[in-house]
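Visitor: Handing you a structure now.
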Amino acid sequence: MDGKNRIVKDILESVEKNMGTGENLSLEALEAHTGYSRFYLNRIFAEETGCTIHRYIMERRLTEAARKLVETDKTIVEISGEADYQSQQAFTLAFRRAYGCTPFTYRERKHFTPLREQTKQKKTGVTAFCERKNSWRCAA
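When we follow the numbering used here, the leftmost residue of the sequence shown carries the number 4, and every step to the right adds one.
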């Protein structure tokens, strides 16, 4: 595994390890963790995964929130806080953009579908959540 692949793997492991812990999942935190500039990190991450670090983190948070909506009885306010949104309004807006419906409607459907699928990339051997080919969205 070359240096870039190790860095991407380290970023992915940091994101997964800190998902839902309330830890700071920002470019600045990853920059401090790895010792590389956020611009370099974002560039090599995008080359390997096809999206920016910010987008990856946001989609992972929304995917975990969608899972909790279906699998738990937690309130939408609780889930939005756990997904690191400052308000339920901001969470609902981001969720609607990603899934095409409100969190309430998604919960009523009782069917969890991640925004990204976990796959091991052949080229790098890094396991990442890659964009789904046929993204599921709520009916309009």
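Backbone N, C-alpha and C define an ideal beta-carbon position, used for all residues, glycine too. In this text the structure is predicted, and so the values were computed from the model without any measurement.
If contacts are defined as beta-carbon pairs under 8 Å, then Pro117 and Thr66 qualify, I think. What distance do you get, rounded to the angstrom?
Guide: With 8 Å as the limit, Pro117 and Thr66 qualify as a contact, their Cβ atoms being about 4 Å apart.
Visitor: Would Arg112 and Thr105 be called neighbours here (beta carbons separated by less than 7 Å)?
Guide: No.
Visitor: When the Cα of Arg119 is compared with those of Glu31, Met61, His36, which residue comes out closest?
Guide: Comparing Cα-Cα distances from Arg119 to each of Glu31, Met61, His36, the minimum goes to Met61.
Visitor: Give the C-beta separation of Phe107 and Ile79 to the nearest angstrom, bearing in mind that I take them to be a contact with Cβ-Cβ under 8 Å.
Guide: With 8 Å as the limit, Phe107 and Ile79 qualify as a contact, their Cβ atoms being about 7 Å apart.
Visitor: Opposite Arg46 in the DSSP bridges: which residues?
Guide: In DSSP, Arg46 forms no bridge with anything.
Visitor: Excluding the five sequence neighbours on either side, which residues of its own chain have a C-beta within less than 7 Å of the C-beta of Thr95, listed in chain order?
Guide: Around Thr95: Thr105, Pro106.
Visitor: Between the segment 30–40 and the segment 67–78, do at least 3 Cβ pairs fall closer than 8 Å?
Guide: No contact exists between the segment 30–40 and the segment 67–78.
Visitor: Once the 5 residues before and after Ser90 are set aside, which same chain residues still bring their CB inside 8 Å of it?
Guide: For Ser90, where only same-chain residues beyond five positions count, the Cβ hits under 8 Å are Ser83.
Visitor: Closest to Asn8 by CA distance: which of Met22, Thr37, Ala97, Asn21 is it?
Guide: Residue Thr37 is the option with its Cα nearest to Asn8.
Visitor: Exposed or buried, what is Lys71 when buried is set at 16 or more other beta-carbons lying within 10 Å of its beta-carbon?
Guide: That one is buried.
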